[in-house]
Amino acid sequence: MFSYIRDPYDPLQAFGLFRRRMDHLFRELDDVVGTRTQPREVWPRVNLADTKDAFILQAEIPGLGVEDIDLSVTAESLTLRGERKEKAPEGYSVHRQERRGLRFSRSVALPARVDVERVSAEVRNGLLVVTLPKHPEDRPRSITIKTN
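Start counting the sequence shown at 1; every next residue gets the next number (this note's numbering).
Structure follows, in structure tokens:
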């Protein structure tokens, strides 16, 4: 069994105590101002899959409705913008607010051109699914090889 005995003559022991107090201070600061003292995370998280005829983009957007997001597509990129506003219902007062409102803009470069006129999007259980059909000229084609 390990037991810890404080050594009043250990000059480095004060640094351990100082570090623990600073860690506690920064945790408290994060509770007050959000997570601004930590590196920003890219949001929303996305997956981009490639099928034979289309790219499928999935973006996590929990708590957002279709009225909160804006989707724009060019032949080479997709841009997703949105905003979540957090406010208490009328007549309520807030005692603790850990969820913050947010505004975001995320652009994703596409690996090949897409047919902008045929792009479709839908939201399912907090997941935005965008189907981006490939431009006909950029789809892979099978080439028959002739022999002499």
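Note that the Cβ used here is the ideal one computed from N, Cα and C, for glycine as well.
No experiment lies behind these values; they were computed from the predicted model shown.
Residue i: first and last residue of the uninterrupted beta strand (DSSP E) it sits in
i: aspartate 115; result: Careful: aspartate 115 lies outside any beta strand (DSSP E) and carries neither H nor E.
Residue i in three-state terms, based on DSSP
i: glutamate 76; result: coil
i: arginine 99; result: coil
i: aspartate 53; result: coil
i: valine 130; result: strand
i: glutamate 122; result: strand
i: aspartate 23; result: helix
i: glutamate 83; result: strand
i: aspartate 68; result: helix
i: glutamate 90; result: coil
i: leucine 48; result: strand
i: threonine 37; result: Bear in mind that the predicted position of threonine 37 carries a pLDDT of just 49, short of 50, making it too unreliable to give a figure here.
Residue environment, residue i, which counts as buried when at least 16 other CB atoms sit within 10 Å
i: proline 111; result: exposed
i: proline 44; result: buried
i: leucine 78; result: buried
i: valine 94; result: exposed
i: leucine 29; result: exposed
i: valine 114; result: buried
i: leucine 12; result: exposed
i: leucine 25; result: exposed
i: leucine 17; result: exposed
Pair within 8 Å by beta-carbon distance, residue i and residue j
i: valine 130; j: valine 119; result: yes
i: glutamine 58; j: leucine 128; result: yes
i: phenylalanine 104; j: arginine 81; result: yes
i: alanine 49; j: lysine 134; result: no
i: valine 46; j: valine 73; result: no
i: alanine 121; j: leucine 71; result: yes
i: glycine 126; j: glutamate 76; result: no
i: glycine 101; j: glutamate 86; result: yes
CB contact check: residue i to chain B, cutoff 8 Å
i: leucine 127; result: The question asks about chain B, but that chain is absent: this structure has only one protein chain.
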